[in-house]
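Asker: First the structure, which I've put down as structure tokens, then a few questions once you've had a look.
Residue numbers (full-length UniProt numbering): 1 to 268.
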């Protein structure tokens with residue numbers, strides 16, 4: 001095969017969808033490795049972290065609160081309907097605790113972080129990229145991973161943990177109102193049964209899950225933001241991709257973490 005034919009074949013291979021997908025995954029994992037290496041080997045930008053943590057909190061707190069109330073209440077209401085049918089409505093507290101602490105809290109809190117906070121991070125970095133601010137930083141010898149990416153990822157992780165605690169409290173309080181006031185559960189039994197099936201290890205696992213979700217959302221947003229191209233349209237596409245890819249990673253990670261935690265807990 002002549003050099004020209006070989007070059008045409010290589011170009012055609014690089015243009016195929018599987019090759020592009022594998023190349024993107026490879027670039028993403030390379031980016032993740034560089035982020036973790038920079039996170040533990042360079043000076044942490046604390047001021048930037050505080051700024052970004054406040055920013056992510058301001059765009060995520062309200063939506064998380066508004067989403068958690070109906071989401072938690074609907075799930076708890078359905079669980080209580082099942083308990084009423086089998087004559088065990090006084091176990092509503094145990095059902096609410098299992099649903100909210102193990103699954104609803106981390107899922108709701110970080111879906112909001114991915115949908116609101118991560119998209120804002122991606123839009124910010126993407127705008128800097130198309131304005132060539134990132135290239136200017138590199139030219140001046142400033143590492144954008146250290147200066148911009150690491151503080152945003154740490155902020156996304158910690159805000160996810162904090163929102164998970166808030167969503168858990170809101171869900172249990174809302175569950176108390178619906179279970180006791182509307183569905184006839186006994187107030188004392190609801191409160192005492194909260195720890196019947198769920199304990200401190202479950203809450204810590206929930207917080208760890210929220211931290212991992214926040215980390216994945218931040219990594220996805222920063223990677224896509226730094227690789228935005230094509231002007232404002234490219235930034236919009238990167239923001240849309242952030243939502244889709246972050247949700248895919250979150251649900252995949254949730255399945256793995258939940259299965260591992262249940263295996264460890266039941267095995268113990």
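Glycine included, every Cβ here is placed at the ideal spot set by N, Cα and C.
From a predicted model like this one, the values you see are computed outputs, not experimental measurements.
Can you give me the C-alpha to C-alpha distance between residue 120 and residue 225, rounded to a whole angstrom?
Answerer: Sequence index remark: in the chain shown, residue 120 carries index 120 (1-based). Sequence index remark: in the chain shown, residue 225 carries index 225 (1-based). Taking the straight line from one Cα to the other gives about 10 Å.
Asker: Taking 8 Å as the cut-off, does the region 103–118 touch the region 59–68 (at least 3 CB pairs, one atom from each stretch)?
Answerer: yes
Asker: Give a yes or no on whether 8 Å exceeds the smallest Cβ distance from residue 223 to chain C.
Answerer: Chain labels in this structure do not include chain C; a single protein chain is all it has.
Asker: With H, G and I counted as helix, E and B as strand and the rest as coil, what does DSSP make of residue 276?
Answerer: With the chain running from 1 to 268 in the structure shown, residue 276 is simply not present.
Asker: Should residue 240 be labelled buried (16 or more other beta-carbon atoms within 10 Å of its own) or exposed?
Answerer: Indexing the chain shown from 1 puts residue 240 at position 240. Result: exposed.
Asker: Does residue 88 come out as helix, strand or coil in the three-state DSSP assignment?
Answerer: If you number the chain shown from 1, residue 88 lands on position 88. DSSP places residue 88 in coil when its eight states are reduced to three.
Asker: Taking all protein chains shown into account, decide if residue 138 is buried (16 or more other Cβ within 10 angstroms of its Cβ) or exposed.
Answerer: One-based indexing of the chain shown puts residue 138 at position 138. So residue 138 counts as exposed.
Asker: Measure how close the beta-carbons of residue 99 and residue 76 come, nearest whole angstrom, since I'm counting them as under 8 Å.
Answerer: Counting from one through the chain shown, the residue named residue 99 turns up at place 99. Counting from one through the chain shown, the residue named residue 76 turns up at place 76. Cβ atoms of residue 99 and residue 76 come within 8 Å of each other, at about 6 Å.
Asker: By Cβ distance, which residues of its chain are closer than 7 Å to residue 180, with the 5 residues on each side in sequence left out?
Answerer: Looking up residue 180 in the chain shown gives position 180. Listed in chain order, the non-local C-beta contacts of residue 180 below 7 Å within the same chain comprise 187, 190, local neighbours out to five positions each way being set aside.
Asker: Which two residues bound the contiguous alpha helix (DSSP H) that contains residue 197?
Answerer: Against the chain shown, residue 197 aligns to sequence position 197. Segment: none, residue 197 is in no alpha helix (DSSP H) and carries neither H nor E.
Asker: Assign residue 199 to buried or exposed, taking buried as 16 or more other Cβ atoms, counted over all protein chains shown, within 10 Å of its Cβ.
Answerer: Within the chain shown, numbered from 1, the residue matching residue 199 stands at position 199. That one is exposed.
Asker: With residue 133 as the anchor, note down where its alpha helix (DSSP H) starts and where it stops.
Answerer: Locating residue 133 in the chain shown gives position 133, where the first residue counts as 1. Start and end: 133–139.
Asker: Ends of the alpha helix (DSSP H) at residue 143?
Answerer: Along the chain shown, read from residue 1 onward, the residue named residue 143 stands at position 143. Note, residue 143: premise wrong, no alpha helix (DSSP H); not H, not E.
Asker: Determine whether the beta carbon atoms of residue 280 and residue 72 lie at a separation below 8 Å.
Answerer: Outside the displayed span of the chain (1 to 268) sits residue 280, for which this structure offers no information.
Asker: Using a Cβ-Cβ cutoff of less than 7 Å, which residues in the same chain neighbour residue 27 once the five nearest sequence positions on both sides are dropped?
Answerer: Position 27 of the chain shown holds residue 27. Leaving aside the five residues that flank residue 27 on each side, none in its chain has a CB nearer than 7 Å to its CB.
Asker: Anyone know if the C-beta pair for residue 261 and residue 205 falls short of 8 Å?
Answerer: For the purposes of this step, residue 261 is identified with residue 261 of the chain shown, where counting begins at 1. For the purposes of this step, residue 205 is identified with residue 205 of the chain shown, where counting begins at 1. Here residue 261 is near residue 205, since their CB atoms are less than 8 Å apart.
Asker: How about residue 56 and residue 117: do their beta carbons lie closer than 8 Å?
Answerer: Translated into positions along the chain shown, residue 56 becomes position 56. Translated into positions along the chain shown, residue 117 becomes position 117. A contact, by the Cβ cut-off of 8 Å.
Asker: Kindly provide the ranges of any alpha helix (DSSP H) runs that are 4 or more residues long and lie completely inside the region 38–94, ordered along the chain.
Answerer: Positions of the alpha helix (DSSP H) runs, each at least 4 residues long and wholly inside the region 38–94, are given as 46–85 in order along the chain.
Asker: Classify residue 183 as helix, strand or coil using the three-state DSSP reduction.
Answerer: Stepping through the chain shown from its first residue, residue 183 is reached at position 183. Three-state result, residue 183: coil.
Asker: Have a look at residue 58 and residue 90 and give me their C-alpha separation to the nearest angstrom.
Answerer: Working through the chain shown from its first residue, we reach residue 58 at position 58. Working through the chain shown from its first residue, we reach residue 90 at position 90. Going from the Cα of residue 58 to the Cα of residue 90 covers about 38 Å.
Asker: Given a threshold of 16 other Cβ atoms within 10 Å of its Cβ, counted over all protein chains shown, does residue 230 qualify as buried or as exposed?
Answerer: As a working mapping, residue 230 is identified with position 230 in the chain shown. Per the 10 Å Cβ criterion, exposed.
Asker: Return the residue from the list 25, 35, 168 that minimises the CA-CA distance to residue 97.
Answerer: In the chain shown, counting from the first residue as 1, residue 97 sits at position 97. For residue 97, the nearest C-alpha among the options comes from 168.
Asker: Is residue 15 helix, strand or coil by DSSP?
Answerer: As a first step, residue 15 is located in the chain shown; it is residue number 15 there, counting from the start. Only weak support is given to the placement of residue 15: the predicted model assigns it a pLDDT of 49, under 50, and the value that follows is read from those uncertain coordinates. In this structure, residue 15 counts as coil in the three-state DSSP scheme.
Asker: Using 8 Å as the threshold, is the C-beta distance between residue 214 and residue 161 below it?
Answerer: Within the chain shown, residue 214 is the residue found at index 214, counting from 1. Within the chain shown, residue 161 is the residue found at index 161, counting from 1. One thing to note: residue 214 has its Cβ within 8 Å of the Cβ of residue 161.
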